[in-house]
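Structure record follows, encoded as structure tokens.
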Amino acid sequence: MSARLKALGEPRSIGAMTATQFTPLASTIGGVLIGIATVLLMLFNGRIAGISGIVGRLLPPYRNNDVIGAAAFILGLMTAPLGYTLATGTSVLQTVSGNVLLMVIAGLLVGIGTTYGGGCTSGHGVCGLSRLSLRSVAATAIFMMTAFVTVFVTRHILGG
Amino acid sequence: MGLLVNAIAGFLFGLGLVIGGMANPAKVLNFLDLTGSWDPSLAFVMAGAVAVTFIGYKLVFRQPRPLLAARFQLPEMNQIDRRLVLGAAIFGVGWGLSGFCPGPAITSLPLLAKGTLVFVPAMLGGMILTRLITNRGLQAKTLVPARAGEAQ
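Chains as they are written, first to last, in this note's numbering: chain G, 1 to 160; chain P, 1001 to 1152.
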């Protein structure tokens, strides 16, 4: 039983904190790269760079919506960590919760929410805000709000 | 050619996420922790991305059509409905629990963290489930010719 609980991950990793450094320059450069990628996709292919939408094109129920193009974008996305490591000689710094139950629930919520709400941080957040779409402004405000509240609850009410 | 653009755009997008720190859930969670260990970095990612896209889209939409496609494919819906509000609210909770939204999670797959390897299949499962139940995949992405159509 205890081994089984252990396999589920550390319950206390809900609300766990890992200190990170404020990186305004690197983050601005990262944002500019995301913007360039987003503009390129519209300029050449006429497509919104919304990741949940692009991933959705790879999933059933299928329709004729450039599945191969979506696969090429996703492959490019997954090549990025390797490219970063080859270019800089440093590995990608990352702290991901190892709490399996927490991550399964979070994954389900992200999958359901982005599909039901028609977009995520990129589709609504970057593309939608840039197009001054009222729907996307509302969606971005709402998911930011519930994310702030979720972190407040897990870190300062449950986790504290 | 369109495939190559997709791959390059995906790569640049992922590189931006990695360099900007969004592929690190710890950094995302600290951004979301306004009253605790707040790390404002991700506001700079967002500002950089939106600034470039805002100006870039303005220039792109002066063209009658994309360079490699017949038309711009933009969402036609403009009403804030129950689905949008509920979906965004649910997404935010998952984002706040994990520090992952879809782009960073997919980008992180080859890094093979245990949490990523369970998050992504669960996310894909949630997407398939929702698409099957709501037919959202068939309805919401009804696309219209954008500027190209209007100009005619």
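Note that CB positions come from ideal geometry on N, CA and C, so glycine has one too.
Between Gly1087 (chain P) and the rest of its own chain, which residues show a CB-CB distance below 6 angstroms, the 5 nearest in sequence each way excluded? none
Original post:
Going by the CB atoms, is the gap between Leu1068 (chain P) and Gly1002 (chain P) shorter than 9 angstroms?
Top reply: yes
Subject >> Proximal chain P residues relative to Thr39 (chain G), where beta-carbon distance stays under 7 angstroms >> reply: Note on identity: in this sequence residue 39 (chain G) is Val, with Thr being the wrong assignment. Chain P residues near Val39 (chain G): Val1052, Thr1053, Gly1056, Tyr1057 and Val1060.
Does Gly89 (chain G) get closer than 9 angstroms to chain P when you measure Cβ to Cβ? no
- Taking C-beta pairs closer than 8 angstroms, name the residues in chain G that Pro1064 (chain P) reaches, listed in chain order. By Cβ distance, chain G contributes nothing, its closest Cβ being about 11 angstroms from Pro1064 (chain P), past 8 angstroms.
Check whether Gln1073 (chain P) and Gly46 (chain G) have beta carbons under 9 angstroms apart
yes
* Cα-Cα separation, Ser1098 (chain P) to Val1120 (chain P) -> 11 angstroms
At 3 residues or longer, what runs of the beta strand (DSSP E) sit wholly inside the region 1057-1092 of chain P?
With a minimum length of 3 residues, the continuous beta strand (DSSP E) runs that stay inside the region 1057-1092 of chain P are 1073-1075.
Less than 9 angstroms between the C-beta atoms of Leu43 (chain G) and Ala49 (chain G), yes or no? no
query: Using the beta-carbon of each residue, which ones in chain P are nearer than 9 angstroms to Asn45 (chain G)?
result: Gly1002, Val1005, Asn1006, Ala1009, Pro1066, Leu1067, Leu1068, Ala1069 and Gln1073
Within 9 angstroms of any Cβ in chain P, is that where the Cβ of Gly93 (chain G) sits? In the sequence as displayed, the identity of residue 93 (chain G) is Leu instead of Gly. Chain P, which has a Cβ nearer than 9 angstroms to the Cβ of Leu93 (chain G), makes this yes.
Report task. Go ahead and label Ile124 (chain G) buried or exposed: buried means 16 or more other beta carbons lie within 10 angstroms of its beta carbon, across all protein chains shown. Result -> Going by the sequence as given, residue 124 (chain G) is His instead of Ile. Around the beta-carbon of His124 (chain G), 16 or more other beta-carbon atoms lie within 10 Å, marking it buried.
Next item on the list: Helix, strand or coil for Arg1131 (chain P), going by three-state DSSP, please let me know.
Entry: helix
Exposed unless 16 or more other CB atoms sit within 10 angstroms - verdict on Leu1132 (chain P) | Around the beta carbon of Leu1132 (chain P), a 10 Å sphere encloses fewer than 16 other beta carbons of the protein chains shown; the residue is thus reported as exposed.
Alpha carbon of Ser1041 (chain P) to alpha carbon of Ala19 (chain G), nearest angstrom: 13 angstroms
Subject >> Beta-carbon separation (whole angstroms), Ile112 (chain G) vs Leu1129 (chain P), contact threshold 8 angstroms >> reply: About 7 angstroms separates the two Cβ atoms, so the contact holds.
* Quick one: what does DSSP say Asn1030 (chain P) is sitting in, helix, strand or coil? -> helix
Is the separation between the beta-carbon of Ile1008 (chain P) and that of Ala87 (chain G) shorter than 9 angstroms?
no
Is the region 89-100 of chain G touching the region 1106-1122 of chain P, taking contact as three or more C-beta pairs under 8 angstroms? In this structure the region 89-100 of chain G lies against the region 1106-1122 of chain P, because at least three pairs of beta carbons, one per stretch, are closer than 8 angstroms.
Which of helix, strand or coil DSSP assigns to Cys120 (chain G): coil
- Rounded to whole angstroms, how far is the Cβ of Cys127 (chain G) from the Cβ of Ser52 (chain G), which I believe are closer than 8 angstroms? With a Cβ gap of about 11 angstroms, Cys127 (chain G) and Ser52 (chain G) do not count as contacting.
Query - Cross-chain neighbours of Leu82 (chain G) in chain P, by beta carbon under 7 angstroms - result: Pro1110
Outcome for Tyr116 (chain G) when other beta-carbon atoms lying within 10 angstroms are tallied against a minimum of 16
Label assigned to Tyr116 (chain G): buried.
- Query: Who are the Cβ neighbours of Phe1011 (chain P) in its own chain at under 8 angstroms, not counting the five residues just before and after it?
  - Reply: none
**Q.** Interface flag, Val67 (chain G) vs chain P, CB-CB below 9 angstroms
**A.** Chain P places no beta carbon closer than 9 angstroms to that of Val67 (chain G), leaving this residue out of the contacts.
* Who are the neighbours of Ile161 (chain G) on chain P, taking C-beta pairs under 7 angstroms? -> Residue 161 (chain G) is absent from the structure shown; chain G starts at 1 and stops at 160.
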